[in-house]
Each structure stands twice: as C-alpha cells, then as structure tokens.
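Colleague:
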Amino acid sequence: MKLIHTIEDLQRNLTEARAKGEKIGLVPTMGALHEGHASLVRRCVAENDVTVVSVFLNPTQFNDKKDLEKYPRTLDADCALLESVGADFVFAPSVEEMYPEPDSRKFSYPPVDTVMEGAFRPGHFNGVCQIVSKLFAVVEPDRAYFGEKDFQQIAVIRAMVEDLHLKVEIVPCPVVREKSGLAMSSRNTLLTDGEKAVAAHIFGILSKSKNFATNHTLKETRQYVVDSLNAIVGLEVQYFAIVDGGSLQELDSWSDSDDIVGCITVFCGSQPIRLIDHVRYKE
Ligand code: PAF
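So for the sequence shown, the numbering used here puts the first residue at 21; every next one is plus one.
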C-alpha cells in the first residue's frame, strides 16, 4: 500500500492501471476510520482492480468550525487499518493541495439537499459536492463507495453525478453497527462509554418503531420516536423526518409511497455530539 499526498503523484500511479483497462474504485473518507469504513474498502477491493482510499478532513463541509476542530485525526491508525483490508493507495492531501484557491462553486439539488441535514447544516452539502467532485476529477474512479449511514449524502452525490454527467457508479453500502446497535461513526470516539450506551437507544427506538408503525399512523409513529428518545436523559432529537426514500420529501401517510425511510439526528451527551441514523419502514 502506498501513502500519497499530492494529486500529481496519485495520477502518475493510476495512469498505468488505467492504460491496462483496470477498474479503479474509490472510497472517500475523512479519516478516523472504523469497521464501517473497513467494510466499504473490503467491498471496493473485491469489486475493483485498484482501490484508492482518500483521507481528507474537508473543511468546506463543516458549517460549524468547532465541529471541525474536535473531529478526530488518526492518520497512522487509519493507514494500518487500510493496509490490513487491502487498499492499494491512501490519498491524504493537504488542504492547500485540494483547495489552492477558495472553492466558490455552488451546487444546488433541491429538494434532496435542502431538507433535513441540508436545512440544519447550511452549506454542508455544497462542501461535500465540492470535495467529492474534485476527488472524482482527480481519481476518475469507475466506482465510488459510500456508507448508507449518511443516507441523504448518497442522494445528493447521485444528483451531482447525474448533473455533471459523470460516469462513476455510486455504490451504497449497508450501515455497520456496534453490538449495541449504535451506528458506527467517527464521531462515536468523542462519546464516553456511558454516552455510547445511551446513544444505543437511538437504534433501539427506531427498531421498535417499525413494529409500532404496523398499527399506528405515520404521524403517531413520528411522535412515538421523538417522545421516546427525548425522554431518555442525555438525548435530544434535532429532527426526525419520515420521507420518501428517493425524493426525501416528508410524507403524511404510509400509503403515500412504497419506499419510506425515517431519518433522525440526535444530540447526545454533554458536549453534545450530533449523531445520525435512519430506519426503513417500506421498500
Ligand atoms: O462521508 C464522509 O466521510 C464525507 O462527507 C466525504 C464523502 C468523505 C466527503 O468529505
């Protein structure tokens, strides 16, 4: 496995593979890697000839600078994990390498980028599109792998790929969970053990709500999730939206769609840490 810091070096290394017609897979990450990332990389390695993993803490997608400051940075441990799962190249550029000039490009894909995370984190998805479009231009991957934990992010990236007529195939990969049910996230390392135990209730209540939904209305189910989680000390729901899985538009009734997902963001603990998760009611 090679650790590369510049675009020029990465492209030089990929030229040969591309000339041989080899398939290139990309796993974009912001580092602080965990088993969820490892599962994306394993899948990428299995499905492509060359696997590139980018490790870049992208400043333009952090609307809250404090969130950026406290984001864990663990490049040595990340490289050890990536080597163990068979990545070929780790691309870890500096901010200046990716943004020699401030990026003034605007990406706008309403409604998928304006609801939920888009509404609560203004500019977040614009920053995600800025960096992912740059990574796609640099690596020119055949396939790119994203975790379904960031359910809305995948919808926004698909919209961008369609808009820019990119040839890359977006491969969504299932959420990987701790034994407790807590969705794996780099932000979990910022939680104490006690907070992690509390945070596990998010998945617990979402799972219970699937059963609750079988004999309650959509609105009752939404209220059930919000009230149950807010009743737990240490948790505070920012939003819980039950949406169409494609358009991400909020629904009023279970009969409004065949593809229904509940997307949630919850603040956990004293700092507090913002955790996201989702549950599928219908597909
Ligand atoms: O999901 C993430 O970790 C980031 O949003 C991504 C896709 C690597 C872009 O910085």
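C-beta: ideal position from N, C-alpha, C; glycine also. In this text, all values refer to a predicted model and were calculated from it rather than measured experimentally.
1) Bridge partners for Lys22 per DSSP, in chain order?
2) Any idea what DSSP makes of Arg197, helix, strand or coil?
3) Report the three-state DSSP secondary structure of Leu46 (helix, strand or coil).
4) Measuring from the CB of Asp170, is there a heavy atom of ligand 1 at a distance below 7 Å?
5) Less than 8 Å separating the beta-carbons of Leu211 and Ala219?
6) Please state whether the Cβ-Cβ distance between Leu46 and Val65 is less than 8 Å.
7) Is any heavy atom in ligand 1 found nearer than 7 Å to the beta carbon of Thr94?
8) Can you check whether the CB of Glu160 is closer than 8 Å to the CB of Ile44?
9) Quick check: the Cα distance between Lys90 and Arg207, rounded to an integer number of angstroms?
10) Assign Val8 to one of two classes, buried (16 or more other C-beta atoms within 10 Å of its C-beta) or exposed (fewer than that).
11) State the start and end residues of the unbroken alpha helix (DSSP H) segment that holds Val138.
12) Report back the beta-carbon spacing between Val246 and Phe232 to the nearest angstrom; my notes put them in contact at under 8 Å.
13) Restricting to Cα atoms, I'd like to know which of Glu103, Asp183, Pro92, Arg197 is closest to Lys126.
14) For Gly224, collect the residues of the same chain with a Cβ closer than 7 Å to its Cβ; drop the 5 residues on either side in sequence, then sort them by chain order.
15) Does the beta-carbon of Pro122, which I'm using as the reference point, lie nearer than 7 Å to any heavy atom of ligand 1?
16) Is any non-hydrogen atom of ligand 1 found closer than 7 Å to the C-beta of Pro113, if you look at the structure I gave you?
17) Given Gln269, which residues of its chain have a CB within under 8 Å of its CB, disregarding the five upstream and five downstream residues?
18) Comparing the CB of Ile151 with every heavy atom of ligand 1, is any distance shorter than 7 Å?
19) Which parts of the stretch 259–290 are runs of the beta strand (DSSP E), unbroken and 3 residues or longer, counting only runs that do not cross its ends?
20) Taking 8 Å as the threshold, find out whether the stretch 25–42 comes into contact with the stretch 84–101 through three or more Cβ pairs.
21) Can you tell me whether DSSP reads Thr71 as helix, strand or coil?
22) Say the cut is 7 Å; is the CB of Val148 nearer than that to a heavy atom of ligand 1?
23) Thinking Ile222 and Ile280 are a contact (beta carbons under 8 Å), I'd like their distance in whole angstroms, please.
24) Grouping DSSP H, G and I as helix and E and B as strand, with all else coil, what is Gly167?
25) State buried or exposed for Asp272, treating a residue as buried only when at least 16 other CB atoms are found within 10 Å of its CB.
26) Which of the three DSSP states, helix, strand or coil, is assigned to His236?
27) Any idea which residues DSSP pairs Glu36 with across the strands?
28) Determine the burial state of Thr209: buried for a count of at least 16 other Cβ atoms within 10 Å of its Cβ, exposed for fewer.
Modeller: By the coordinates alone:
1) On the sequence shown, position 2 is the one that residue 22 refers to. Residue pairing from DSSP places Lys22 in a beta bridge opposite Phe109.
2) Counted from its first residue, the sequence shown places residue 197 at position 177. Looking at Arg197 - three-state DSSP - the assignment turns out to be strand.
3) Locating residue 46 in the sequence shown gives position 26, counting from the first residue. DSSP places Leu46 within a strand segment (E or B) once states are collapsed to three.
4) Here residue 170 is taken as the residue at index 150 of the sequence shown, counted from 1. Checking the 7 Å criterion, the Cβ of Asp170 is within range of a heavy atom belonging to ligand 1.
5) Locating residue 211 in the sequence shown gives position 191, where the first residue counts as 1. Locating residue 219 in the sequence shown gives position 199, where the first residue counts as 1. The Cβ atoms of Leu211 and Ala219 lie closer than 8 Å to each other.
6) Along the sequence shown, read from residue 1 onward, the residue named residue 46 stands at position 26. Along the sequence shown, read from residue 1 onward, the residue named residue 65 stands at position 45. Judged by beta-carbon spacing, Val65 lies beyond the 8 Å limit of Leu46, meaning their Cβ atoms are not closer than that value.
7) Your numbering for residue 94 matches position 74 in the sequence shown. Taking 7 Å as the cut-off, one finds no heavy atom of ligand 1 near enough to the beta carbon of Thr94.
8) Within the sequence shown, the letter at position 24 stands for residue 44. Within the sequence shown, the letter at position 140 stands for residue 160. Contact flag set, yes.
9) Position 70 of the sequence shown, counting from 1, holds the residue named residue 90. Position 187 of the sequence shown, counting from 1, holds the residue named residue 207. Going by the C-alpha atoms only, they are around 9 Å apart.
10) Since the first residue shown for the chain is 21 and the last is 303, residue 8 is missing from the structure and cannot be characterised.
11) Reading the sequence shown from its first residue, position 118 is the one you call residue 138. The question names Val, but residue 138 is Gly in the sequence shown. Residues 137–140.
12) As a working mapping, residue 246 is identified with position 226 in the sequence shown. As a working mapping, residue 232 is identified with position 212 in the sequence shown. So it is not a contact: roughly 12 Å between Cβ atoms.
13) The residue labelled residue 126 in the question sits at position 106 within the sequence shown. Comparing Cα positions, the closest option is Asp183.
14) Here residue 224 is taken as the residue at index 204 of the sequence shown, counted from 1. Within the same chain, and ignoring the five residues on either side of Gly224 in sequence, the residues whose Cβ sits closer than 7 Å to its Cβ are Gly201.
15) Taking the first residue of the sequence shown as 1, we reach residue 122 at position 102. Result no, Cβ not under 7 Å from ligand 1.
16) Working through the sequence shown from its first residue, we reach residue 113 at position 93. False, no ligand heavy atom lies under 7 Å from that Cβ.
17) On the sequence shown, residue 269 is found 249 positions in, with the first residue counted as 1. For Gln269, where only same-chain residues beyond five positions count, the Cβ hits under 8 Å are Pro131, Val135, Val263.
18) Numbered from its first residue, the sequence shown carries residue 151 at position 131. Relative to ligand 1, Ile151 has its C-beta within less than 7 Å of a heavy atom.
19) Counting whole runs of 3 or more residues, the stretch 259–290 contains the beta strand (DSSP E) stretches 280–288.
20) These segments do not touch.
21) Here residue 71 refers to the residue found at position 51 when the sequence shown is read from its first residue. Three-state DSSP puts Thr71 in a strand.
22) By one-based count along the sequence shown, residue 148 stands at place 128. For Val148, the shortest separation between its Cβ and any heavy atom of ligand 1 lies below 7 Å.
23) As a position in the sequence shown, residue 222 is number 202, starting the count at 1. As a position in the sequence shown, residue 280 is number 260, starting the count at 1. Not really, about 18 Å apart at Cβ, beyond 8 Å.
24) Counting from 1 along the sequence shown, the entry for residue 167 is found at position 147. If DSSP states are grouped into helix, strand and coil, Gly167 belongs with the strands.
25) Within the sequence shown, numbered from 1, the residue matching residue 272 stands at position 252. The residue is exposed, with fewer than 16 neighbouring Cβ atoms inside 10 Å.
26) Taking the first residue of the sequence shown as position 1, residue 236 is located at position 216. Residue state, collapsed to three classes: coil.
27) Stepping through the sequence shown from its first residue, residue 36 is reached at position 16. For Glu36, which the question treats as bridged, DSSP gives no partner whatsoever.
28) On the sequence shown, position 189 is the one that residue 209 refers to. Exposed.
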